[in-house]
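K.L.:
Sending over a structure as structure tokens; questions will come in a sec.
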Amino acid sequence: MKTKEAIILAAGKGTRLAPLTKDIPKCLVKVNNKTILENTLNILNENGIEKVTIVTGYLEHKIRETIGQRYLNMDINYIYNKKYEITNNIYSLYLALKIQKNSTWIFESDVYLDKGILSNTNYNGITWYVDSKVKNIDGSYIKYDKSNNNLVVDHDIIRNLDLIYNDHCKSIGILHVDKNIIESFINWIEQDIILFGCDIYYDLVLYHNLNKNSIYAKDILGKKWFEIDSIKDLSIAREIFQ
Numbered sequence: 001m002k003t004k005e006a007i008i009l010a011a012g013k014g015t016r017l018a019p020l021t022k023d024i025p026k027c028l029v030k031v032n033n034k035t036i037l038e039n040t041l042n043i044l045n046e047n048g049i050e051k052v053t054i055v056t057g058y059l060e061h062k063i064r065e066t067i068g069q070r071y072l073n074m075d076i077n078y079i080y081n082k083k084y085e086i087t088n089n090i091y092s093l094y095l096a097l098k099i100q101k102n103s104t105w106i107f108e109s110d111v112y113l114d115k116g117i118l119s120n121t122n123y124n125g126i127t128w129y130v131d132s133k134v135k136n137i138d139g140s141y142i143k144y145d146k147s148n149n150n151l152v153v154d155h156d157i158i159r160n161l162d163l164i165y166n167d168h169c170k171s172i173g174i175l176h177v178d179k180n181i182i183e184s185f186i187n188w189i190e191q192d193i194i195l196f197g198c199d200i201y202y203d204l205v206l207y208h209n210l211n212k213n214s215i216y217a218k219d220i221l222g223k224k225w226f227e228i229d230s231i232k233d234l235s236i237a238r239e240i241f242q
């Protein structure tokens, strides 16, 4: 059955995008004439999504005022992460998954995407969307086994670009989570929060559970996307999507 629900993690402050984020949250920064969040919602709507849960934090009222309770053909629900200043996306995801019953997409709110990236073909566990063509930016990278159903076998946060090799694939900030693994995913998050606290990325939770053999890669093979963390990133994104 085609997935009808999505979660967008939009609690962060976007400090590196200041001063643009002084009065608006990061997800409402515009790439040309469209905000990052509206672009994501448009893509979700085009893919038949009916319900979206947005986890808010910093200036959350701005998101509610901009998007409302209904956007195009989708119902919009909100969860407020009151600990947004001291937690990372692991905690926002935890808040959303605790009330999630059905299979769902998970989006980070700082990624600007082109149409056609989402796929109806996802795995029964967790599908981790990556790009094997990107080698020139730092961040979260995985390796996967093509001979074993694209099973993810390794992950690393890479800051030195010289350490990125041909088999590394850049995470693009999208997951698909099958409903049958939601409970396990919640348990993994709870275990990592006990061990490491709430100021970590969900990528590390996935890495710590690769041995469960339930996390798979979906390679977008160079389709257009860009993660916007800084003013420089925003300038690049505006050129890519002009």
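With the first letter of the sequence shown counted as 1, position 218 gets the number 218 in UniProt numbering; the numbers rise by one all the way through.
Glycine residues also receive a C-beta, built at the ideal position from the N, C-alpha and C atoms.
(1) Can you give the beta carbon distance from residue 39 to residue 112, rounded, assuming they're within the 8 Å contact cut?
(2) Assuming contact is defined by CB atoms lying nearer than 8 Å, are residue 126 and residue 55 in contact in what I supplied?
(3) Roughly how many angstroms lie between the CA atoms of residue 57 and residue 9, to the nearest whole one?
(4) By alpha-carbon positions, which one of 240, 91, 162 ends up nearest to residue 82?
(5) In angstroms with no decimal places, state the Cα-to-Cα distance between residue 242 and residue 191.
(6) Hey, residue 109 and residue 26: beta-carbon distance below 8 Å or not?
(7) Please specify which runs of the alpha helix (DSSP H), each continuous and at least 4 residues long, are wholly inside the segment 138 to 207, giving them in chain order.
(8) For a quick check, are the C-beta atoms of residue 16 and residue 147 less than 8 Å apart?
(9) Who are the near neighbours of residue 202 in its chain, counting only those whose CB is closer than 7 Å to its CB and skipping five residues on each side?
(10) Comparing alpha-carbon positions, which option in 14, 99, 150, 166 lies nearest residue 84?
(11) Only counting runs of 4 or more residues, tell me where the alpha helix (DSSP H) segments fall wholly within the UniProt domain "Nucleotidyl transferase" (6 to 115), in order along the chain.
(12) So, using beta-carbon positions, are residue 144 and residue 134 closer together than 8 Å?
(13) Compute the distance between the beta-carbons of residue 115 and residue 49, then report whether it is under 8 Å.
(14) Between the C-alpha atoms of residue 123 and residue 72, what's the straight-line distance to the nearest angstrom?
P.N.:
According to the structure shown:
(1) Position 39 of the sequence shown holds residue 39. Position 112 of the sequence shown holds residue 112. Contact holds; Cβ gap of about 6 Å.
(2) Along the sequence shown, one-based indexing puts residue 126 at 126. Along the sequence shown, one-based indexing puts residue 55 at 55. Cβ distance not < 8 Å, so residue 126 and residue 55 don't count as in contact.
(3) One-based indexing of the sequence shown puts residue 57 at position 57. One-based indexing of the sequence shown puts residue 9 at position 9. Using only the alpha carbons, I get a separation of about 9 Å.
(4) Position 82 of the sequence shown holds residue 82. Nearest option by C-alpha distance: 91.
(5) Indexing the sequence shown from 1 puts residue 242 at position 242. Indexing the sequence shown from 1 puts residue 191 at position 191. In a straight line, the C-alpha of residue 242 is about 43 Å away from that of residue 191.
(6) Stepping through the sequence shown from its first residue, residue 109 is reached at position 109. Stepping through the sequence shown from its first residue, residue 26 is reached at position 26. Against a cut-off of 8 Å, the Cβ pair of residue 26 and residue 109 comes out as a contact.
(7) 182 to 196
(8) Reading the sequence shown from its first residue, position 16 is the one you call residue 16. Reading the sequence shown from its first residue, position 147 is the one you call residue 147. Contact: no.
(9) Here residue 202 refers to the residue found at position 202 of the sequence shown. Correct list, in chain order: 89, 90, 93.
(10) Here residue 84 is taken as the residue at index 84 of the sequence shown, counted from 1. It is 14.
(11) 36 to 46, 60 to 67, 89 to 97
(12) As a position in the sequence shown, residue 144 is number 144, starting the count at 1. As a position in the sequence shown, residue 134 is number 134, starting the count at 1. Cβ distance not < 8 Å, so residue 144 and residue 134 don't count as in contact.
(13) Along the sequence shown, one-based indexing puts residue 115 at 115. Along the sequence shown, one-based indexing puts residue 49 at 49. Not in contact: residue 115 and residue 49 (Cβ atoms no closer than 8 Å).
(14) By one-based count along the sequence shown, residue 123 stands at place 123. By one-based count along the sequence shown, residue 72 stands at place 72. Using only the alpha carbons, I get a separation of about 28 Å.
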